[in-house]
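Numbering (the working numbering), first residue to last: 3 to 133. Just so it is clear, CB atoms sit at the ideal spot from N, CA and C, and this is done for glycine as well. Owing to the predicted nature of the structure, the values given are computational and were not obtained by experimental measurement. Below is one structure; the comments refer to it alone.
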């Protein structure tokens, strides 16, 4: 409950998350029938305050200079998470299950329900033409 969203630019776009919160995430995993039933995920209470990415960078200044490369949407690395690369380097068989295959299965069999979403975009400079 009450998961804080990581602030920062979203991908390489022009919008940043100033602050955000997910109130509750519920996961129903049918362990006895994984191949036949869907995983059910419920997300309730998503609150996000967005701002232009340039304003976010102005506000955070030099204190977050090192963290900019780790913003939301940046990949974990060229070949997946570091622990997965380490397992393969340690001799895990090529056909062994990996995180990416697990995530592929999860995302193809998930029933997702999101309720109570509030997104607000604020800009210190207005937002109209010439503003």
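Between residue 41 and the set 15, 112, 26, the nearest pair of CA atoms involves 112. Taking a C-beta distance under 8 Å as the contact criterion, residue 51 and residue 103 do not qualify as a contact pair.
Distance from residue 57 to residue 125 at the Cβ level is roughly 6 Å; contact confirmed, criterion being Cβ atoms closer than 8 Å. Listed in chain order, the non-local C-beta contacts of residue 49 below 7 Å within the same chain comprise 22, 23, 120, local neighbours out to five positions each way being set aside. When rounded, the separation of the alpha-carbon atoms in residue 27 and residue 118 is 12 Å. The alpha-carbon separation between residue 36 and residue 7 amounts to approximately 29 Å. A distance of 8 Å or more separates the beta carbons of residue 11 and residue 39. Just so you know, the alpha carbons of residue 44 and residue 105 end up roughly 17 Å apart. Rounded to whole angstroms, the gap between the alpha carbons of residue 14 and residue 127 is 21 Å.
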